[in-house]
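As given, the protein sequences belong to chains W and Z, one line each in that order.
With UniProt numbering as the guide, the letters of the first sequence map in order to residues 1 to 296.
With UniProt numbering as the guide, the letters of the second sequence map in order to residues 1 to 254.
The beta carbon of each residue, even a glycine, is placed where N, CA and C say it ideally should be.
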Amino acid sequence: MGSSLSDSTNREDLHSAIAAFDTKPGSPGKKSDGREKIRLFLMRINWLAFVIPLLSITAGLAAWQFLTESQTQFILDFSNIPTPVNVFHSFRDAVVTTVFWRDIYWSMYRILVAFAFGSVLGVTAGVAMGYSNILKLVIAPYIEILRPIPAIAWVPMAILIWPTTEESIIFITFLGAVFPIVLNTWDGVRRVPNELVKAARSLGANRVNVLFHVVIPYAVPNITVGMALGMGSAWFALLAGEMISGRFGIGYFTWEAYQLIQYGNIIVGMLCIGVLSSISTGSIYYLKNKLVPWAE
Amino acid sequence: MSSVGHIEIQGLTLGFKNFGMVNAIVENISLSFSAGSFTSIIGPSGCGKSTLINAIGGHYKPITGHILLDGCEIKQPTADLGIVFQQHTLFPWKTVIENVRFGPIQRGIGKNDANEIASKYIEMVGLSGYEDYYPKMLSGGMQHRAEIARSLANKPAVLLMDEPFGALDAQMRTTLQDSLIKIWDETNVTIIFVTHDVEEAIYLSQKVVVMSRNGGKTNNIFDINEPFPRNKGEFLFSNNGRILKEKCMDALAI
Ligand SMILES: Nc1ncnc2c1ncn2[C@@H]1O[C@H](COP(=O)(O)OP(=O)(O)O)[C@@H](O)[C@H]1O
Ligand SMILES: [Mg+2]
Numbered sequence: 001m002g003s004s005l006s007d008s009t010n011r012e013d014l015h016s017a018i019a020a021f022d023t024k025p026g027s028p029g030k031k032s033d034g035r036e037k038i039r040l041f042l043m044r045i046n047w048l049a050f051v052i053p054l055l056s057i058t059a060g061l062a063a064w065q066f067l068t069e070s071q072t073q074f075i076l077d078f079s080n081i082p083t084p085v086n087v088f089h090s091f092r093d094a095v096v097t098t099v100f101w102r103d104i105y106w107s108m109y110r111i112l113v114a115f116a117f118g119s120v121l122g123v124t125a126g127v128a129m130g131y132s133n134i135l136k137l138v139i140a141p142y143i144e145i146l147r148p149i150p151a152i153a154w155v156p157m158a159i160l161i162w163p164t165t166e167e168s169i170i171f172i173t174f175l176g177a178v179f180p181i182v183l184n185t186w187d188g189v190r191r192v193p194n195e196l197v198k199a200a201r202s203l204g205a206n207r208v209n210v211l212f213h214v215v216i217p218y219a220v221p222n223i224t225v226g227m228a229l230g231m232g233s234a235w236f237a238l239l240a241g242e243m244i245s246g247r248f249g250i251g252y253f254t255w256e257a258y259q260l261i262q263y264g265n266i267i268v269g270m271l272c273i274g275v276l277s278s279i280s281t282g283s284i285y286y287l288k289n290k291l292v293p294w295a296e
Numbered sequence: 001m002s003s004v005g006h007i008e009i010q011g012l013t014l015g016f017k018n019f020g021m022v023n024a025i026v027e028n029i030s031l032s033f034s035a036g037s038f039t040s041i042i043g044p045s046g047c048g049k050s051t052l053i054n055a056i057g058g059h060y061k062p063i064t065g066h067i068l069l070d071g072c073e074i075k076q077p078t079a080d081l082g083i084v085f086q087q088h089t090l091f092p093w094k095t096v097i098e099n100v101r102f103g104p105i106q107r108g109i110g111k112n113d114a115n116e117i118a119s120k121y122i123e124m125v126g127l128s129g130y131e132d133y134y135p136k137m138l139s140g141g142m143q144h145r146a147e148i149a150r151s152l153a154n155k156p157a158v159l160l161m162d163e164p165f166g167a168l169d170a171q172m173r174t175t176l177q178d179s180l181i182k183i184w185d186e187t188n189v190t191i192i193f194v195t196h197d198v199e200e201a202i203y204l205s206q207k208v209v210v211m212s213r214n215g216g217k218t219n220n221i222f223d224i225n226e227p228f229p230r231n232k233g234e235f236l237f238s239n240n241g242r243i244l245k246e247k248c249m250d251a252l253a254i
């Protein structure tokens with residue numbers, strides 16, 4: 001299936017390449033050129049790739065509308081669930097309030113602060129572990145013990161330790177981000193080929209410069225993968241924190257909607273969380289492609 | 001003419017530790033490479049050529065014996081001892097010019113001057129126009145040339161080359177051999193050149209050291225007295241060339 005799809009695209013590419021090669025300026029076929037171009041353009045678009053997902057989503061929305069409007073109660077209870085149309089209305093009403101944007105602002109702010117700390121600390125610890133055996137032995141046991149504990153489990157401890165709720169939420173989010181970053185950085189640093197280090201030393205680089213010019217650049221692709229994973233789990237942790245103890249934030253918005261029986265807003269909140277989280281992960285991959293044009 | 005770049009090896013034993021046991025690769029060898037000379041080392045694969053080159057470059061510590069550069073013990077890698085490794089070692093995240101100017105910048109030369117030096121050596125190895133290419137965009141031969149330029153840009157006293165042309169096609173190999181001779185002539189650098197190609201060794205060097213399979217013994221050393229510039233075809237098929245080749249082959253077979 002996959003291969004047959006790519007086969008057909010290749011053939012189309014070839015086709016249009018030949019067409020482009022054949023049409024010389026001022027050749028007799030000039031009049032039909034425009035139509036031919038449109039035809040080729042239409043041929044290039046993979047219609048099925050648009051139409052099938054569209055149909056699939058439409059069917060899903062229709063099922064949702066049907067189940068909620070008929071208030072179906074069969075194993076699952078749809079009687080309290082808003083219809084898609086209701087959700088759209090809730091969305092339209094929410095985007096004009098400052099509360100909605102304030103909540104988004106707070107969540108993004110917490111993510112950015114926590115992620116910045118997580119990245120700096122995670123990369124530093126990962127590089128230290130990869131570069132020095134002693135530091136590895138010092139840091140690794142903490143990682144082995146703490147990493148399996150989900151960020152949500154930290155909520156009570158975080159509230160006790162930090163002076164304000166705000167700080168405890170950022171702390172929990174930081175915990176979500178930091179472990180994938182440490183582990184992936186460490187892995188990247190460990191893989192640095194000995195020959196590259198030797199080459200740098202033979203060119204006169206001291207140990208510090210080897211670190212910054214060889215070891216860290218080599219690990220950058222791994223570090224960015226760790227950051228993307230860390231961003232995903234940072235959102236997970238943030239929402240846990242906001243729902244349990246927050247007073248602002250998109251997670252709080254979603255939870256509050258439940259408590260205030262504004263059920264449409266639950267789904268608005270959920271969809272917003274999805275969008276924000278993919279934007280933040282996507283921007284890391286975007287940065288990666290900008291940062292490492294030399295990698296595959 | 002040149003007074004720096006003399007390498008003296010005295011009673012050298014090299015080896016690797018394996019579960020606490022030392023496994024000697026090269027045993028008790030003594031060799032001398034005079035400043036500005038071109039020496040080739042040939043030997044069957046696994047006899048310790050790379051190990052020796054790495055040790056001269058300061059990357060492995062001798063178990064016994066000494067390696068001296070102009071009378072001083074080599075304790076760690078330095079910019080004076082340039083190495084072209086058997087593996088590709090260009091930094092993949094740096095462009096050709098960034099790779100070549102790496103050494104000069106490490107030695108504290110300003111960026112503009114370093115760029116100028118780098119351009120000069122990039123031109124010398126025939127890579128002008130490829131300054132801003134990343135290594136992955138270059139062919140294997142071009143990467144080797146960039147690596148040679150990177151080593152030369154440091155103006156090392158000694159250039160250690162570990163089978164640098166091993167993976168190249170015959171034509172590219174001939175081209176690079178000729179540019180290497182030219183570079184050697186222009187820079188007066190001492191070259192120690194490892195190869196498994198007897199003809200390459202005889203054609204390029206003033207002296208050929210044959211390492212033996214066991215313990216890397218270096219009892220067979222042949223002087224190549226043919227004056228430079230040499231004509232590859234003529235020299236290799238002359239009486240003298242053929243005799244040298246036979247001698248090397250015999251020494252290798254032991
Ligand atoms: N890092 C290493 N650790 C242990 N043994 C090694 C290492 N590098 C090379 N050797 C061994 O040393 C011997 C010589 O290797 P090498 O110097 O690479 O040979 P050559 O370059 O002549 O082919 C081989 O038997 C090889 O297995
Ligand atoms: Mg070797």
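By Cβ distance, which residues of its chain are closer than 8 angstroms to Ile161(W), with the 5 residues on each side in sequence left out? Ser168 and Phe171
State buried or exposed for Cys248(Z), treating a residue as buried only when at least 16 other CB atoms are found within 10 Å of its CB. buried
Please report the distance separating the alpha-carbon of Leu160(Z) from that of Ile192(Z). 5 angstroms
Thinking just about the alpha-carbon of each residue, which of Ile159(W), Leu229(W), Gln262(W) and Ile244(W) is nearest to the one in Thr281(W)? Leu229(W)
Residues that Thr173(W) bridges to, as DSSP identifies them: Paired residues: none, contrary to the question.
By the DSSP assignment, the beta strand (DSSP E) with His66(Z) in it spans what residues? Thr64 to Leu69
For Glu12(W) and Met43(W), I'd like the C-alpha separation in whole angstroms. Here Glu12(W) scores only 42 on pLDDT, less than 50, and its place in the model should not be relied on; the value that follows carries that caveat. One C-alpha to the other measures close to 8 angstroms.
Which residues, in chain order, sit with a beta-carbon under 7 angstroms away from any heavy atom of ligand 2? Ser45(Z), Lys49(Z), Ser50(Z), Gln86(Z), Asp162(Z), Glu163(Z) and Val194(Z)
heavy atom of ligand 1 below 7 angstroms from Phe19(Z) C-beta: no
Report the neighbours of Lys290(W) on chain Z: residues whose CB is nearer than 8 angstroms to its CB, in chain order. Here the premise fails: no neighbours, minimum Cβ distance about 13 angstroms.
Confirm the yes/no value for this check: CB of Phe165(Z), any heavy atom of ligand 1, distance under 7 angstroms. no
With three or more beta-carbon pairs closer than 8 angstroms as the criterion, would you say the region 189-198 of chain W touches the region 260-279 of chain W? no
Can you list, in chain order, the residues of the region 202-218 of chain W whose Cβ is nearer than 9 angstroms to any Cβ on chain Z? Ser202, Leu203, Gly204, Ala205, Asn206, Asn209, His213, Val214, Pro217 and Tyr218
For Glu98(Z), does the count of other Cβ atoms within 10 angstroms reach 16, so buried, or fall short, so exposed? buried
Skipping 5 residues on each side, what residues in its chain have a beta carbon closer than 6 angstroms to that of Ser179(Z)? none
Give a yes or no on whether the minimum CB-CB distance between His144(Z) and chain W is below 8 angstroms. no
Does the beta-carbon of Gly43(Z), which I'm using as the reference point, lie nearer than 7 angstroms to any heavy atom of ligand 1? yes
At 7 angstroms on the CB atoms, spell out the chain W contacts of Ala79(Z), in chain order. Leu203 and Gly204
Report yes or no: is there a C-beta of chain W within less than 8 angstroms of the C-beta of Phe91(Z)? yes
If you follow the alpha helix (DSSP H) that Asn99(Z) is part of, which residue opens it and which one closes it? Val96 to Val100
What are the boundary residues of the beta strand (DSSP E) that includes Ile254(Z)? Taken as a continuous stretch (DSSP letters only), Ile254(Z) belongs to no beta strand (DSSP E), as it is neither H nor E.
Own chain partners of Glu163(Z) with C-beta closer than 7 angstroms, once the 5 adjacent residues on each side are dropped: Gln86, Val194, Thr195 and His196
If the criterion is Cβ atoms closer than 8 angstroms, does the pair Ser245(W) and Thr165(W) meet it? yes
Starting from Leu48(W) and walking both ways along the alpha helix (DSSP H), at which residues does that stretch end? Trp47 to Glu69
Does Ile9(Z) come out as helix, strand or coil in the three-state DSSP assignment? strand
Starting from Gly282(W), trace the alpha helix (DSSP H) both ways and give me its first and last residue. Tyr263 to Leu291
Proximity to Tyr263(W) [Cα-Cα], best of Ile223(W), Thr83(W), Pro180(W) and Leu203(W): Thr83(W)
Going by beta carbon distance, what residues of the same chain come within less than 7 angstroms of Lys136(Z), once the five residues before and after it are set aside? Pro92
Gly57(Z): contacting residues in chain W (beta-carbon distance under 7 angstroms): Ser202
Where does Phe132(Z) sit, in a helix, a strand or coil, going by DSSP? Before going on, a small fix: residue 132(Z) reads as Asp here, not Phe. Coil at Asp132(Z), not helix or strand.
Completely contained beta strand (DSSP E) runs for the region 104-187 of chain Z, where each covers 3 or more residues: 158-162
Indicate whether at least one CB of chain W lies closer than 8 angstroms to the CB of Arg107(Z). yes
So is the beta-carbon of Phe16(Z) under 7 angstroms away from any non-hydrogen atom of ligand 1? yes
Between Tyr134(Z) and chain W, is the shortest Cβ-Cβ distance under 8 angstroms, so that the two count as touching? yes
Using CA coordinates, which residue listed in Val208(Z), Ser50(Z) and Tyr203(Z) is at the minimum distance from Leu236(Z)? Tyr203(Z)
Under the rule that 16 or more other beta-carbon atoms within 10 Å means buried, what is Met21(Z), buried or exposed? exposed
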